[in-house]
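Colleague: Residue numbers (UniProt numbering): 1 to 176.
First the structure, then my questions, so here it is.
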């Protein structure tokens, strides 16, 4: 399962809820055939009756949620989809969950060497509008204990992604 959105509030009095989708385009979330709801008590399937884009998010109606009180109970809950339902991407495209936890390696050009040093692991990504940003946190074997924010710019910053090897190579500054 993969987090695909979060219920952020109620919409009207008939059980509709506002959803902040984690998909690139809000409407994409409406195309998944099965949704699951992660609650404090576990994960359960939910059925999408209706939904539409509203601003930067969605408003949706889930089966069995027919009043504002029931909708309010869902506030803050996470919507999940099956990983195998994700659309296939091109060769050099990745889902965020594929990049999370990769080791990030960088050439130590300051020392006149082509040897790579470990900067840390990708903890998560941030969407900034201009480009996505990798939040790289130190890990065992990394060169220091600093968190780094590295723009996810294929070709100019990100040189190579090796999912099977669990690593990414970047051109970045090694601050002292």
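By construction, the Cβ of each residue, glycine as well, lies at the ideal position given by its N, Cα and C atoms.
Please read these numbers as outputs of a predicted model, since none were measured by experiment.
Using only the alpha-carbon positions, how far apart do residue 62 and residue 10 sit?
Modeller: Taking the first residue of the chain shown as position 1, residue 62 is located at position 62. Taking the first residue of the chain shown as position 1, residue 10 is located at position 10. Those two C-alpha atoms are separated by around 12 Å.
Colleague: With respect to the alpha helix (DSSP H) encompassing residue 70, which residues constitute its N-terminal and C-terminal limits?
Modeller: The residue labelled residue 70 in the question sits at position 70 within the chain shown. Residues 68 to 72.
Colleague: Any idea what DSSP makes of residue 85, helix, strand or coil?
Modeller: Along the chain shown, one-based indexing puts residue 85 at 85. Residue state, collapsed to three classes: helix.
Colleague: How about the stretch 38 to 47 and the stretch 96 to 103: do they share at least three Cβ pairs that are nearer than 8 Å?
Modeller: no
Colleague: Could you check if residue 154 is buried or exposed, using at least 16 other CB atoms within 10 Å of its CB as the buried criterion?
Modeller: Looking up residue 154 in the chain shown gives position 154. Classification of residue 154: exposed, given that the 10 Å Cβ count is below 16.
Colleague: For residue 63, which three-state DSSP category applies?
Modeller: Reading the chain shown from its first residue, position 63 is the one you call residue 63. Note: residue 63 maps to coil in three-state DSSP.
Colleague: Can you give the Cα-Cα distance for residue 1 and residue 79, rounded to whole angstroms?
Modeller: By 1-based counting over the chain shown, the position of residue 1 is 1. By 1-based counting over the chain shown, the position of residue 79 is 79. Cα-Cα distance, rounded: 10 Å.
Colleague: Could you check what DSSP says for residue 132 in three-state terms: helix, strand or coil?
Modeller: Counted from its first residue, the chain shown places residue 132 at position 132. Residue 132: strand per DSSP, three-state reduction.
Colleague: Would you decide whether residue 156 is buried or exposed? Buried here means 16 or more other CB atoms lie within 10 Å of its CB.
Modeller: On the chain shown, position 156 is the one that residue 156 refers to. It counts as exposed.
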